[in-house]
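S.K.:
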Ligand code: 0RA
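In my numbering, the protein residues as written are 1291 to 1937.
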């Protein structure tokens, strides 16, 4: 046994131990304060928290590989080949470093010498929080030729740190089982974890991160390792979109204020796909680093065009929007003491970073453009096209404004509005097809539920410029019904309903329409998704009637279960049952639609959220871009993207 000087001989708790128990109790009492939520999202954050520590070790240059395993019982193991969490007894705390890390909130700073610690957001709360919220947690450290082990339950140590004998190499292994008393969801999504780990691997060039899922008979495994780092990330994000220039602009720069890494490339599309990270955390809300980047892009590209006489007389220079159209860009900065601000604490506040990024991008981009004149010319050409289209669009928009089309006031004729007007109380169903729209209008509670039927396949906004988008009738109806404008003019506080529910048929066409709608919200009203206002209705797949009694099944499994119950366990013999497969919403009468899909007391809604905007970008791009084949493949397996967007 290792020596544990803090243990009093009679087994009473020392003052330090009482502090520890108080800390753990606080975490278990208010888990949401520490990990954001106790739903699937919070559950997955436990894994990110543990992996973040290994990635920190990699950033410090001491770890090259991380293995994550989802075990059959939904416990998780994270193994790294870093230096191992220190095991020596802390001089003032009187406990081994590893025990401190696992039991004291924010203990990291007490012994962690790594330079760039994540802080703020949901990450960086420390592995002690994971420990407190786990039924059990085991840690194994290989260090200085020995193997050390300790086990905890709900954060409380079951024994002292134990020396298990000689070991080779160094590293840390942490295994834990999330506590089902704390979490409302305890099943891990392979896709969700996998997407985040891939992002981590892109952001940390050369770092190998593997994930294995042992829950299936055939274990699933992915290995992520990118020697090209962000440059490879940009290639991945661009996906099927056609490049304007073949070479990716990439640089790394070290400034006193920040380490800066950037990769970018233009494509022939119209959307902007910029993703920014600070210490590996996605800064969804932007901040000073993004401001610096934007300023540098606009300035350097205009300077380059002017210097090389690439503008015509009629051109009035390029705006920020012009130089970002069709741009895929990833900016990753490392900052010693990041200040995270904003609603979701994902906006960088450090003012000194702005100038550092702006200066570095100005300098490096100017050099790259001079060395790659073909790319330079193509970029100016692309930006000029954007500028000209934008001028045309502005005219179209002014016209639309004059007609009062987008400014609220005149609501679309097809909208059946509700009588309440407080957005906090109201919801709107966007329904596929006029016939289902009719049933929904009859079945709804008109006091708080509005219905907007839309015709089949709406315009694919991924492949259209803004002037075309604004002249599309279905899209205009949605913009006016929601009342909050679009893109840069979007104002969340003006949204007329705080629940926007997409209701489509449970078939391939329905999935396609749902994707078109999600693409539209993602590109034109992303704040709606970020605010958690977008939902997907879950209509039943089957109606199972027995005599006068009727039951609904929302999945194949549920159907099997219900049939079994109604046939007293026989299952095969379905005589006496009337099983109806719903092909579309239109087959349900208004009462059925209300009971199964619209009544807040009995319906299920899936909330659409964005865990990784970058991943969503890549998915929408593959799904909705120019190439037909990947879209077809993707829609065939379409369950995946909803899962990715759902957590
Ligand atoms: C602080 C100091 C040292 C290592 C670590 C923390 C460390 C923590 C974790 C958590 C998961 N894996 C980890 N790997 C390392 C090392 C101090 C030294 O050796 O000088």
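Glycine is no exception: its CB is placed at the ideal position from the N, C-alpha and C atoms. On a predicted model such as this, the values are computed, not experimentally measured, just so you know.
#1: Using a Cβ-Cβ cutoff of less than 6 Å, which residues in the same chain neighbour residue 1410 once the five nearest sequence positions on both sides are dropped?
#2: Checking the sheet assignment: what are the DSSP bridge partners for residue 1436?
#3: Does the beta carbon of residue 1786 fall short of 7 Å from some heavy atom of the ligand 0RA?
#4: How big is the Cα-Cα spacing for residue 1669 and residue 1550?
#5: Apart from the five residues on each side of it in sequence, which residues of its chain come closer than 7 Å, Cβ to Cβ, to residue 1396?
#6: Quick check: is any heavy atom of the ligand 0RA less than 7 Å from the C-beta of residue 1383?
#7: Cα separation between residue 1574 and residue 1582?
#8: Taking 8 Å as the cut-off, decide whether the C-beta atoms of residue 1364 and residue 1473 are in contact.
#9: Give the range of the alpha helix (DSSP H) segment to which residue 1650 is assigned.
#10: Just to check, is the beta-carbon of residue 1339 closer than 7 Å to a non-hydrogen atom of the ligand 0RA?
#11: When burial is assigned at 16 or more other CB atoms within 10 Å of the CB, is residue 1865 buried or exposed?
#12: Looking at the structure shown, is residue 1835 part of a helix, part of a strand, or coil, going by DSSP?
#13: Rounded to whole angstroms, what's the CA-CA distance from residue 1508 to residue 1489? Just pull it up for me.
#14: Taking C-alpha atoms, which residue in 1341, 1841, 1805 and 1516 lies nearest to residue 1870?
#15: Less than 8 Å separating the beta-carbons of residue 1461 and residue 1374?
#16: In terms of residues, what are the limits of the beta strand (DSSP E) holding residue 1743?
#17: Going straight from the alpha carbon of residue 1307 to that of residue 1335, what length do you get?
#18: Which class does residue 1618 belong to by DSSP, given the choice of helix, strand or coil?
#19: Around the C-beta of residue 1339, are 16 or more other C-beta atoms found within 10 angstroms, so that it is buried, or is it exposed?
#20: At the level of alpha carbons, what is the spacing between residue 1821 and residue 1598?
#21: Kindly indicate which residue of 1749, 1784 and 1846 has the alpha-carbon position closest to the one of residue 1942.
#22: With the cut-off set at 8 Å, would you say residue 1831 and residue 1730 are in Cβ contact?
#23: Using the C-alpha atoms, what's the distance from residue 1824 back to residue 1706?
#24: I think residue 1483 touches residue 1358, with their Cβ atoms under 8 Å apart; what is that distance to the nearest whole Å?
#25: Give the DSSP bridge partners of residue 1541, in chain order.
#26: Taking buried to mean at least 16 other C-beta atoms within 10 Å of its own C-beta, is residue 1622 buried or exposed?
#27: Can you tell me which of 1539, 1394 and 1647 puts its alpha carbon nearest to the alpha carbon of residue 1617?
#28: If you check the beta carbons only, do residue 1392 and residue 1418 fall under 8 Å apart?
#29: By DSSP's criteria, residue 1868 is part of a beta bridge. Which residues make up the other side?
#30: For residue 1313 and residue 1712, what's the separation of their Cα atoms in angstroms?
#31: Go ahead and pull the three-state DSSP assignment for residue 1577.
M.R.: On the basis of the coordinates in this document:
#1: Stepping through the chain shown from its first residue, residue 1410 is reached at position 120. Note on residue 1410: pLDDT 36, under 50, position unreliable in the model; the coordinate value appears next. Around residue 1410: 1630 and 1635.
#2: The residue labelled residue 1436 in the question sits at position 146 within the chain shown. Note: residue 1436 sits in a beta bridge opposite 1433 and 1456.
#3: As a first step, residue 1786 must be located in the chain shown, where it is residue number 496. Residue side-chain check: residue 1786 keeps its Cβ at 7 Å or more from all non-hydrogen atoms of the ligand 0RA.
#4: Position 379 of the chain shown, counted from the first residue, corresponds to residue 1669. Position 260 of the chain shown, counted from the first residue, corresponds to residue 1550. Straight-line Cα distance between these residues: approximately 23 Å.
#5: The count along the chain shown starts at 1 and reaches residue 1396 at position 106. Answer for residue 1396: 1416, listed in chain order.
#6: The residue given as residue 1383 occupies position 93 in the chain shown. Residue 1383 Cβ: outside cutoff for every heavy atom of the ligand 0RA.
#7: The residue given as residue 1574 occupies position 284 in the chain shown. The residue given as residue 1582 occupies position 292 in the chain shown. Computed Cα separation, rounded: 16 Å.
#8: In the chain shown, the residue the question calls residue 1364 occupies position 74. In the chain shown, the residue the question calls residue 1473 occupies position 183. Taking C-beta atoms as the reference points, residue 1364 and residue 1473 fail to come closer than 8 Å.
#9: Your numbering for residue 1650 matches position 360 in the chain shown. Here the alpha helix (DSSP H) through residue 1650 covers 1641–1661.
#10: By 1-based counting over the chain shown, the position of residue 1339 is 49. Within the chosen limit of 7 Å, the ligand 0RA does not reach the beta carbon of residue 1339 with any heavy atom.
#11: As a first step, residue 1865 must be located in the chain shown, where it is residue number 575. Residue 1865 is exposed by the Cβ-count criterion.
#12: Translated into positions along the chain shown, residue 1835 becomes position 545. Strand.
#13: What you label residue 1508 is simply residue 218 of the chain shown in a count that begins at 1. What you label residue 1489 is simply residue 199 of the chain shown in a count that begins at 1. Just so you know, the alpha carbons of residue 1508 and residue 1489 end up roughly 25 Å apart.
#14: Reading the chain shown from its first residue, position 580 is the one you call residue 1870. Comparing alpha carbon positions, the residue from 1341, 1841, 1805 and 1516 closest to residue 1870 is 1841.
#15: On the chain shown, position 171 is the one that residue 1461 refers to. On the chain shown, position 84 is the one that residue 1374 refers to. In this structure, residue 1374 lies closer than 8 Å to residue 1461 by Cβ.
#16: For the purposes of this step, residue 1743 is taken as the residue at position 453 of the chain shown. Going by DSSP, residue 1743 is part of the beta strand (DSSP E) stretching over 1739–1744.
#17: Taking the chain shown and counting its residues from 1, the one referred to as residue 1307 is at position 17. Taking the chain shown and counting its residues from 1, the one referred to as residue 1335 is at position 45. Roughly 27 Å separates the two Cα atoms.
#18: For the purposes of this step, residue 1618 is identified with residue 328 of the chain shown, where counting begins at 1. Here residue 1618 sits in strand by DSSP.
#19: Counted from its first residue, the chain shown places residue 1339 at position 49. With 16 or more Cβ atoms within 10 Å of its Cβ, residue 1339 is classed as buried.
#20: Position 531 of the chain shown, counted from the first residue, corresponds to residue 1821. Position 308 of the chain shown, counted from the first residue, corresponds to residue 1598. So the alpha carbons of these two residues sit roughly 45 Å apart.
#21: This structure does not reach residue 1942, given that the chain is present from 1291 up to 1937, and the question cannot be answered.
#22: Here residue 1831 refers to the residue found at position 541 of the chain shown. Here residue 1730 refers to the residue found at position 440 of the chain shown. Judged by their CB atoms, residue 1831 and residue 1730 are not nearer to each other than the 8 Å cut-off.
#23: Working through the chain shown from its first residue, we reach residue 1706 at position 416. Working through the chain shown from its first residue, we reach residue 1824 at position 534. In a straight line, the C-alpha of residue 1706 is about 19 Å away from that of residue 1824.
#24: For this step, residue 1483 is matched to residue 193 along the chain shown. For this step, residue 1358 is matched to residue 68 along the chain shown. Rounded, the Cβ-Cβ distance is 7 Å, consistent with contact.
#25: Your numbering for residue 1541 matches position 251 in the chain shown. Per DSSP, the beta-bridge partners of residue 1541 are 1552.
#26: The count along the chain shown starts at 1 and reaches residue 1622 at position 332. Counting the other Cβ atoms within 10 Å of the Cβ of residue 1622 gives 16 or more, which makes it buried.
#27: Stepping through the chain shown from its first residue, residue 1617 is reached at position 327. Closest option to residue 1617, Cα to Cα, is 1539.
#28: What you label residue 1392 is simply residue 102 of the chain shown in a count that begins at 1. What you label residue 1418 is simply residue 128 of the chain shown in a count that begins at 1. Closer than 8 Å, so yes.
#29: Indexing the chain shown from 1 puts residue 1868 at position 578. Looking at the DSSP assignment, residue 1868 forms a beta bridge with 1835.
#30: Translated into positions along the chain shown, residue 1313 becomes position 23. Translated into positions along the chain shown, residue 1712 becomes position 422. Separation of residue 1313 and residue 1712 (C-alpha to C-alpha, rounded to the nearest whole angstrom) is 41 Å.
#31: In the chain shown, counting from the first residue as 1, residue 1577 sits at position 287. Strand, per DSSP.
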